[in-house]
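What follows is a short report on a single structure.
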Amino acid sequence: MKEFARSLSPRSIMTGSIALYAVVLVMVLFPPAYMSVSGMRNPVILGLPFVVFYYIFNAALLGVGLTVLYHVEDLRGELDERRVQEGE
Amino acid sequence: MLTVFYLIVIGILYTTRRKEVTKSFSEYAVGGRAYGPWFVAMSYVNSWWPGSTFIAFFGMAAGAGIFGFYGLAYSTLGVGLMYFLATRAWRWGAAYDLQSQPDLLGKRFDSHAVRVISSVVGVIAVFPWVVLGMQALGELFHVASGGTWSVAVSLVVGIAVIVIRQIWTVNMGMRGLIMTDMFQGIVAYGVSTLIGVIMLTGMGNSPISLSTLATVPEKFLRIPGDGGTYGPLYWFALIFTGVIGALCWPMSFQRIYTASSVRAVKASTTRTMLISGVFYTVLMLVGMAAVSVPEVAADPQGGWFTLLDKFGGTWLTGLAVVTVFAAAMGHIDGSVQVSGLQIANDIVQRPGRPLSDRQLTYIAKGSMAAFMLLATVVAFSTFNMTRLQLLAQISYQLVVQISVPLFLGIFWRGGNKYGAAAGMVLGSLVASIMTFFFPDDIPALGSLTGGIVGLVVNLVVYLVAYAVMGQTAEERVRVAEFFEAAQHPAHRVGAAAVAEPVLVASGADEVHEERES
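Residue numbers (this note's numbering), protein chains in the order written: chain A, 680 to 767; chain B, 342 to 858.
In structure tokens, the structure reads:
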């Protein structure tokens, strides 16, 4: 996993991240997409009518996606910068 | 219960006092840029969800079903945006010692006018929400007294409680705010989520359960615009405005500058999504499941209190009041703090009149006190006025006008100060006028809102100004240097920065410390 994360090019990571964000954006914001699930009860998933599941799923997809991105950036050592306080 | 909660908050404020608050404006404004991800995340969540989440948003789920879930969509996508601009915004903040969102815009466009306009738009937009928050506290105390206090008395008590709380907000600045946000957040979002989950499992004679959701009437599953009075673009307008508004609210953006590192900003973003997403989802599921409870159907906005009263009587009603109080307090605190900060840092301070840290801190404190005083007067004088709600709607459409120079300025080297300033002014005017005449939606435009129309005008002005006037050679060099500062962790900018602490890529020990924090 570490090797895989480190082997990725910055461009492919950025493309993948933006693509994920764009997919969620379209699913949630594009009128034909949201109108197609409006009023949909079936299939009921985890006890939730489909349209409710759809919105929770999109939120979860983005949350999980960004968490994965955070860990990938962590493995690549791209997060380790901070402002050194005076006196340190 | 409310008194105990209040005293704990005050206790936290006293135990976390630091003398250096009055010495350094950076310490006062952004807590010395010293906070780790959980603190920044909870502070973000606190400033994000007002107390009315348990009233207005809950009411939407309980009264209109899926409608309430638009809040989940826009908050997730909006907070997610922060992840993508975290590195640039944080590095610029650290390199140029920026304290606020208008500070960044002023630096990006090398324009005091851009800085002042964005600051004024932000402060004006926040104001009605503080007034509404104070009035909501009045209603809360009416509930807390079991209806024995009149609405007028409850309003006086509610406002008095929050005004007294601001003494510490004003005195301690960001540090006090972040420390109490953690406690307030755990109570507001942690406790309510726990109660919601227990209710959804149907335990202990819960008035609702998850199983109700599978049988809610179909009208509660229809997205606004799918039939009914709204057009098909209403849902888009609501969510889109929320997504881009997420980083336009001064409180949101300032969270980047309280963070100790890029890691802290990014980690706090993912944690904000987690806390906020789980809390809001559970609250909406509870609200939607409650459509079958007749008392909630009769008054959806009071549904949170009604449900908890049915579930656990007086004790749980008290807990419901405390959760809403904690959320309301966190939101008002954050709004007052950032408004005072922006007035001092971006409006009073001018290029020809730089102020010392001590002066800035005193002006910020004075501005917070004045802001709160004005909000108190307006809260009293406009109680029961529906026009105030309209002002809050206008303010939302107004604040998103900052997004054009903010987002384009961060991700694109084009544009100039003329387009940025004129775009924000014209966009705000158009948005305000359109929202005044069409408070909810514009039927002729498929139910788009006034803010979207203002945004289109804003964007066109920004692009046309750049196409016509372009950038001078000097401006291109300056913008190139500005963007260069965001490319490298250790880059230093300008002679003035020599005296500042340096930026470094930290070693393993520091990473460990960051994770611990």
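Just so you know, even glycine gets a beta-carbon here, dropped at the ideal spot from N, CA and C.
In this structure, Asn387/B lies near Gln525/B, with their beta-carbon atoms less than 7 Å apart.
DSSP, reduced to helix, strand and coil, places Tyr737/B within a helical segment of the structure shown. Taken in chain order, the complete alpha helix (DSSP H) segments of 4 or more residues contained in the segment 383-454 of chain B are 397-405, 411-437 and 442-450. In this chain, the alpha helix (DSSP H) harbouring Phe683/A covers Lys681 to Ser686. Cβ atoms of Leu343/B and Ala485/B come within 8 Å of each other, at about 6 Å.
Annotation note: the segment 739-789 of chain B contains the following uninterrupted alpha helix (DSSP H) runs of length 4 or greater, listed N- to C-terminal: 744-752 and 758-778.
Take the alpha-carbon of Thr570/B and the one of Leu789/B: they are about 13 Å apart.
By the beta-carbon neighbour count (other beta carbons within 10 angstroms, threshold 16), Gln683/B is buried. Taken through DSSP and simplified to helix, strand or coil, Gly568/B comes out as strand. Shown here, Ser491/B sits in coil according to DSSP, grouped into three states, outside any helix or strand. Where Tyr703/B is concerned, the enclosing alpha helix (DSSP H) starts and stops at Asp698 to Ser722. Leu725/A counts as exposed, since fewer than 16 other beta carbons sit within 10 angstroms of its beta carbon. With a cutoff of 7 Å on beta-carbon distance, Thr599/B and Val381/B are scored as near each other. Met513/B is positioned such that its CB atom lies no closer than 7 Å to that of Ile353/B. No Cβ of chain A is located within less than 7 Å of the beta carbon of Arg754/B. Two segments are said to touch when three or more pairs of C-beta atoms, one from each, lie closer than 8 Å; by this definition the segment 534-542 of chain B does not touch the segment 395-409 of chain B. Rounded to whole angstroms, the gap between the alpha carbons of Met765/B and Val794/B is 13 Å.
With its beta carbon at least 7 Å from every one in chain B, Val747/A lies outside the interface. Contact residues of the segment 720-752 of chain A toward chain B are Arg720, Val723, Gly726, Leu727, Pro728, Val730, Val731, Tyr734, Ile735, Asn737, Ala738, Ala739, Leu741, Gly742, Leu745, Thr746, Leu748, Tyr749 and Glu752 (C-beta to C-beta distance below 8 Å). Annotation: Phe712/B to Val677/B spans about 7 Å, alpha carbon to alpha carbon. The segment 546-625 of chain B is shown to contain whole alpha helix (DSSP H) runs of 4 or more residues at 575-586 and 591-599, in chain order. For Leu758/A, the chain B residues whose C-beta falls within less than 7 Å of its own C-beta are Val603, Arg604 and Lys607, listed in chain order.
In the displayed model, Arg456/B falls within a helix according to three-state DSSP. Around the beta-carbon of Gln476/B, 16 or more other beta-carbon atoms lie within 10 Å, marking it buried. Nearest CB-CB separation between Arg563/B and chain A: below the 7 Å threshold.
Along the segment 801-831 of chain B, the positions whose C-beta sits under 7 Å from a C-beta of chain A are Pro830, read in chain order.
Look at Glu760/A here: in three-state DSSP terms it is strand. Considering only Phe425/B, Leu657/B and Leu418/B, the residue with the shortest C-alpha distance to Ser547/B is Leu657/B. Each residue's CA atom was taken as its position, placing Ile704/B and Ile597/B some 23 Å apart.
Taking a cut-off of 8 Å for Cβ pairs, the segment 485-502 of chain B and the segment 459-473 of chain B do not touch, as fewer than three such pairs fall below it. Using a 10 angstroms sphere on the CB of Lys758/B, the tally of other CB atoms reaches 16 or more, which defines it as buried.
About 5 Å separates the Cβ atoms of Val584/B and Gly419/B, confirming a contact at the 8 Å cut-off. In chain order, Ile724 place their CB closer than 6 Å to the CB of Phe732/A, counting only its own chain and leaving out the 5 sequence neighbours on each side.
Linking Arg720/A to Ala403/B through their CA atoms gives a straight-line distance of about 17 Å. Below the 7 Å Cβ cutoff, chain A contributes Gly726 as neighbours of Ser552/B, in chain order. Per DSSP, Ser715/A is one residue of the alpha helix (DSSP H) stretching across Pro710 to Val716.
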